[in-house]
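J.: 707 is the number of the first residue of the sequence shown in the numbering used here; add one for each residue after it.
The beta carbon of each residue, even a glycine, is placed where N, CA and C say it ideally should be.
Before I ask anything, here is the structure I am working with.
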Amino acid sequence: MKRIEILLLCCMMSVAGFAQAGLHIANLFGERFRYRKDATEVVISGDQLKPYKLQVFRSLTIKPSAAEVNEFEANVKADVVGALDREAGLRQGRLYYGFYRLRSVGTTNRFIFYRNNTLRAGASPTLTLIYMEGTATLAELCLPKSTKTWLISSS
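Structure, rendered in structure tokens:
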């Protein structure tokens with residue numbers, strides 16, 4: 707029985723680890739920021755996501771250097787070329803926020819959400835990148851107004 711549990715745990719970890727494989731943002735998740743005190747990474751997969759029709763949720767929030775802001779923005783822009791749905795906002799000519807539905811892989815829908823709070827005067831200088839995949843549609847993932855307001859607030 708223990709072997710089965712260990713095997714299932716390994717399978718779940720590998721799904722979370724390779725979920726965004728083939729995307730430029732994949733190199734931003736995982737080991738790289740794991741031990742930084744100014745970084746928070748959340749990885750959820752499995753039963754916790756079933757009510758949301760998702761198999762993988764990955765979130766990374768950091769206090770980035772200028773070079774890291776450029777790297778994150780470049781990776782997001784590269785991945786969203788050909789996105790099926792998009793909503794994005796610019797500030798100072800830079801990508802401030804973006805919601806994207808990427809091309810599906812089989813029956814799996816893929817989504818990227820991005821916010822560069824370093825462009826907002828007086829705000830905490832953070833950058834957030836979220837990757838999700840599952841059978842959920844964009845409408846099913848529709849963010850509550852309060853969350854969307856937080857993501858794109860201009861104050």
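Hey, could you find the ends of the alpha helix (DSSP H) N781 is sitting in?
T.: Note, N781: alpha helix (DSSP H), A772 to D785.
J.: Helix, strand or coil, according to DSSP, for A829 in the structure here?
T.: Reduced to three states, the DSSP call for A829 is coil.
J.: Would you identify the three-state DSSP class for D753, choosing helix, strand or coil?
T.: Residue state, collapsed to three classes: helix.
J.: Would you list the residues sitting across from R807 in a DSSP beta bridge?
T.: Answer is D791 and F817.
J.: Return the first residue and the last residue of the beta strand (DSSP E) that F763 is part of.
T.: Taken as a continuous stretch (DSSP letters only), the beta strand (DSSP E) holding F763 covers L760 to I768.
J.: Does D791 pass the burial test, meaning 16 or more other C-beta atoms within 10 Å, or should it be called exposed?
T.: By the neighbour-count rule (16 or more Cβ atoms within 10 Å), D791 is not buried but exposed.
J.: Mind checking who T841 pairs with in its DSSP beta bridge?
T.: DSSP, once it has assigned bridges, lists no residue as partnering T841.
J.: Name the DSSP beta bridge partners of L801, please?
T.: L801 pairs with L796.
J.: Starting from the C-beta of A745, find all residues in its chain whose C-beta is less than 6 Å away, skip the five residues before and the five after it, and write them out in chain order.
T.: Closer than 6 Å at Cβ, skipping near neighbours: F739 and I768.
J.: What is the rounded straight-line gap between the Cα of A780 and the Cα of A773?
T.: Going from the Cα of A780 to the Cα of A773 covers about 11 Å.
J.: Put L847 into one of helix, strand or coil per three-state DSSP.
T.: Correct three-state label for L847: coil.
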